[in-house]
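See below for the structure under consideration.
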Amino acid sequence: MRNKVLTALFSLAVAFGLWLYVITVVSPGSEATFYNIPVVFQGEGELTNRGLMIASEDTPTVNLKIAGNRSDLNNLNSSNITVIADVSKIWEAGTATLDYTVSYPGNIREDSMTIISKNPGKIELDVEERINKTVNVVVDYIGSVPDGFICDKDNIEMDIPTIRVTGPKPVVDQIESARIQVDLSGKTQTISDRFTYTLCDKDGNPVDAQLIETNAEAVNIVLTIQRVKEIQLVVEVKDGGGATAQTSTITVEPSSIMVSGSESLLEKLDSQYVIGTIDLGMIQEDTERVFALELPEGINNETGITEVTVKVEFPQLGTKTLQVNRFQARNVPDGLNVEFITQNLEIKIRGPKAQVEAITANDVTVVVDFTGAEPGTIKLKAEVVFDEAYGDVGVLGTPTVTATLTKE
């Protein structure tokens, strides 16, 4: 009798356990709601090939109420339920309404689950034409370099001067430039860095570019910054013809230019730069000479001037033409006699006006040096010597004299 009671109690416990398992674990009539399940798009490649794209910035989500075994429902969540919308069925821009399918993890049979409700029932998408275009990279400068430095904005170097943008037509149509901001405040050295850009409209305002694809995320820029220096332009003056740098008026135009370069090169560059030589003995009257402006390698001419005009004037000096007949031979070789064929030498002299007015041919001697001369008729350069009272007077040009040398 006692064994029968124990057996009955055991059977009752087993039955209760099976009932509890079915109710709490299997429970074929259970329901559960899953929220914010992201929609996966299928066939986007075909959509792209048609020149279309989904213009929605946020991924759509759905809520599902599902019935099934409690054990299966316990294995589901919003991350392992897959909602698929086939966008390959879209053929034109506009608002598209699509059905979607639901699938479950591999250990759960689809026929064991029943969708009681779904929200939304269909997926609505904004579809736009997908286009592309190329826009220029534009640099906007903030601040300025310190005094004594220059920024070569005209010759900025970019590894990517243009950006290709791809996306929905309404957005792409707004984009006119890819703008970079470069801060020059306090900069004294060349900038070489990588800069991100902002896509902007024609007015320079940023465009919402979440749906835009580009061919580059940033642009490498090299912007040269150098020290600048002002140098005076001068000429080397060779005195002659009765004129000196002190008695002449020499004007250089422009008188100075701004140059840039490395610290070491500018250190070597004098504050006065000689552009050429003016030989006053070869200039008989007021004149202008043009010199090409050539700077040392590595020095940049920021002024852009390529030619310099030098004006030479003689406001303090006068000129006169004389017929000189006083000749003197020097250093005649032994055994030779000299006979001057030139009897009168016309010379043009220049000097202080008072001395020029007073001088006569009798105050001038033509001296010829015959060092190394040989017998025969020769033409030699002559030296014009003025009496001591006319020491500031000079001769213009290079006079020559013809003479004959014969043996004694």
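Mapping of the sequence shown onto my numbering: position 244 corresponds to residue 244, and the numbering continues sequentially without gaps. Cβ atoms here follow ideal geometry from the backbone N, Cα and C, with glycine treated the same way. Quantities reported herein were computed from a predicted structural model and do not represent experimental measurements.
Of V310, T277, D201, V219, the smallest CA-CA separation from T251 is found for V310.
Selection T82, G94, I160 evaluated against I108 yields T82 as nearest (Cα-Cα). For E263 and P206, the gap between their C-alpha atoms comes out near 40 Å.
For I225 and A218, the gap between their C-alpha atoms comes out near 22 Å.
Taking the Cα of I257 as reference, the smallest distance to any Cα among V384, T306, T95 is reached at T306. Non-local C-beta neighbours of P60 in its own chain, meaning closer than 6 Å and more than five positions away in sequence, comprise V39, I123, ordered along the chain. If you keep only unbroken beta strand (DSSP E) runs of at least 3 residues inside the region 314–381, you get 317–324, 327–330, 336–340, 345–352, 364–369. For V182 against I142, the beta-carbon gap comes to about 7 Å, under 8 Å, which counts as contact. Residue environment for D363: buried (at least 16 other C-beta atoms within 10 angstroms of its C-beta).
Per DSSP, P170 is not a residue of any beta strand (DSSP E); the alpha helix (DSSP H) it occupies stretches across 169–172.
Leaving aside the five residues that flank V235 on each side, the residues in its chain whose CB is nearer than 8 Å to its CB run, in chain order, I250, V252, V274, I275, G276, T277, I278, F291, V310. Using a Cβ-Cβ distance cut-off of 8 Å, the region 378–394 and the region 350–370 are in contact, since at least three pairs of beta carbons, one from each stretch, lie closer than that value. The C-alpha of D111 is placed about 14 Å away from the C-alpha of G29. In the DSSP annotation of this structure, the continuous segment of the beta strand (DSSP E) that includes G261 starts and ends at 256–261.
The region 41–71 is shown to contain whole alpha helix (DSSP H) runs of 4 or more residues at 44–49, in chain order. In the structure shown, the three-state DSSP call for A403 is strand.
For V145, no beta strand (DSSP E) segment is defined, and its DSSP state is neither H nor E. Judged by DSSP secondary structure, E236 falls within the beta strand (DSSP E) whose first and last residues are 225–238. A distance of 7 Å or more separates the beta carbons of R164 and V138. Around the beta-carbon of P168, 16 or more other beta-carbon atoms lie within 10 Å, marking it buried. Here the C-alpha atom of G394 lies approximately 14 Å from the C-alpha atom of A354. Look at E213 here: in three-state DSSP terms it is strand. Per DSSP, reduced to three states, the secondary structure at A292 is strand. Looking at the DSSP output, L266 sits in no beta bridge, so it has no partner there. Under DSSP, V308 takes part in a beta bridge, and its partners are F291. Put simply, the region 65–81 does not touch the region 154–162. Fewer than three CB pairs are less than 8 Å apart. For L76, the closest of F386, I66, I84 by C-alpha to C-alpha distance is I66.
Sequence-distant Cβ neighbours of F327 in its own chain, meaning closer than 6 Å and more than five residues away, are F340, V366. With a cutoff of 7 Å on beta-carbon distance, G261 and G298 are scored as near each other. Contact between T406 and N337 is confirmed by a C-beta separation of about 5 Å, below the 8 Å threshold. Between G242 and G397, the CB-CB gap reaches or exceeds 7 Å. In this structure, V87 sits away from E129, with a CB-CB distance that is not shorter than 7 Å.
Beta-bridge annotation (DSSP): R179 is paired with V138, T198. Looking at the backbone, the Cα of T166 and that of Q42 are separated by about 21 Å.
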